[in-house]
Amino acid sequence: MELLLVEDNKKISQFMVKGLEECGFAVTLAENGVQARKLFLEKIWNVILLDIMLPDLDGLELLQYLRYKKIESPVLVISALGDPDDKVKALEKGADDYLSKPFHFKELVARIQALNRRANLNYQVPTHSLSCADLYLDLEAHKITRGDEEIILTIQEFKLLKFLMENKDKVLTRTQILSTVWGAHYDTNTNVVDVYISYLRNKIDIEGKPKLIETVKGRGYKINSIQ
Numbered sequence: 001m002e003l004l005l006v007e008d009n010k011k012i013s014q015f016m017v018k019g020l021e022e023c024g025f026a027v028t029l030a031e032n033g034v035q036a037r038k039l040f041l042e043k044i045w046n047v048i049l050l051d052i053m054l055p056d057l058d059g060l061e062l063l064q065y066l067r068y069k070k071i072e073s074p075v076l077v078i079s080a081l082g083d084p085d086d087k088v089k090a091l092e093k094g095a096d097d098y099l100s101k102p103f104h105f106k107e108l109v110a111r112i113q114a115l116n117r118r119a120n121l122n123y124q125v126p127t128h129s130l131s132c133a134d135l136y137l138d139l140e141a142h143k144i145t146r147g148d149e150e151i152i153l154t155i156q157e158f159k160l161l162k163f164l165m166e167n168k169d170k171v172l173t174r175t176q177i178l179s180t181v182w183g184a185h186y187d188t189n190t191n192v193v194d195v196y197i198s199y200l201r202n203k204i205d206i207e208g209k210p211k212l213i214e215t216v217k218g219r220g221y222k223i224n225s226i227q
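Quick note on full-length UniProt numbering: the sequence shown kicks off at 1 and runs consecutively.
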């Protein structure tokens, strides 16, 4: 497995590189944001391990750059910033998981393996678009339209809608949604799924047209293709 580690603290990076290589991973180290930005484009990384507080470009800027370039490698943010708001910001910018420093090395390895496993499970012949009733999602252009009206979504809203549309007419539990859209280790007691479903409804529901996202009481949510 090819890992890219973006970490400017030499003591931490030496510890992580040594430990990960002993676990059988191939690790490339970037010590600053500029170096990382170049390495992002060099190959397809199985998982990117990204610090937030870097001396030049910070991790959030790098996350935005990654997703702007449509680089889909899973990103595990590893940061000393452990406040819930910091985690939410990183996830909204496109991170797949978040691990606060200090951490247990076994947990780091488990999260890397989980991200890679989920990426492999989700891999399929590329689909360039998804549709549900009159809602259309262009995966390449990151463009969403309903009828003739364009809908603007944040990265997390886009990921949530994509997951719903990939499983249209199927009930998805909150745990399934959390695991896929926010990461397997996200706090299951959070109401983030309900909040983002509400955000989506406010944007994709258009007056005079059927509501697409259904709440299935006691189970979760689904998006309906037949109205």
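From the three backbone atoms N, C-alpha and C, an ideal C-beta is built for every residue, glycine too. Please read these numbers as outputs of a predicted model, since none were measured by experiment.
Coarse secondary structure for residue i, derived from DSSP in three states
i    : result
S73  : coil
Q124 : Model confidence at Q124 stands at a pLDDT of 49, short of 50, so the residue's coordinates are unreliable; what they give is reported in the following sentence. Coil.
A95  : coil
T145 : strand
G82  : coil
T180 : helix
Own chain partners of residue i with C-beta closer than 8 angstroms, once the 5 adjacent residues on each side are dropped
i    : result
D58  : G33, I52
K170 : K222
Residues near residue i by beta carbon distance below 7 angstroms, same chain, minus five either side
i    : result
W182 : L91, V192
E166 : L130
Q124 : Residue placement at Q124 cannot be trusted, given a pLDDT of 49 that sits under 50; what the coordinates show is reported in the next sentence. Closer than 7 angstroms at the Cβ level, and outside the excluded window around Q124, lies no residue.
For residue j and residue i, the rounded distance between their alpha carbons
i    : j    : result
L63  : G94  : 6 angstroms
F40  : I78  : 17 angstroms
I144 : F15  : 44 angstroms
L3   : A80  : 20 angstroms
A30  : V6   : 5 angstroms
E61  : V75  : 13 angstroms
K18  : R174 : 37 angstroms
Cβ-based neighbour list, residue i, same chain, cut-off 6 angstroms, excluding 5 preceding and 5 following
i    : result
D138 : S129
S100 : G82
R219 : V171
Y98  : V77, K87, A90
Expected contact under 8 angstroms - CB spacing of residue i and residue j to nearest Å
i    : j    : result
F163 : T180 : 5 angstroms
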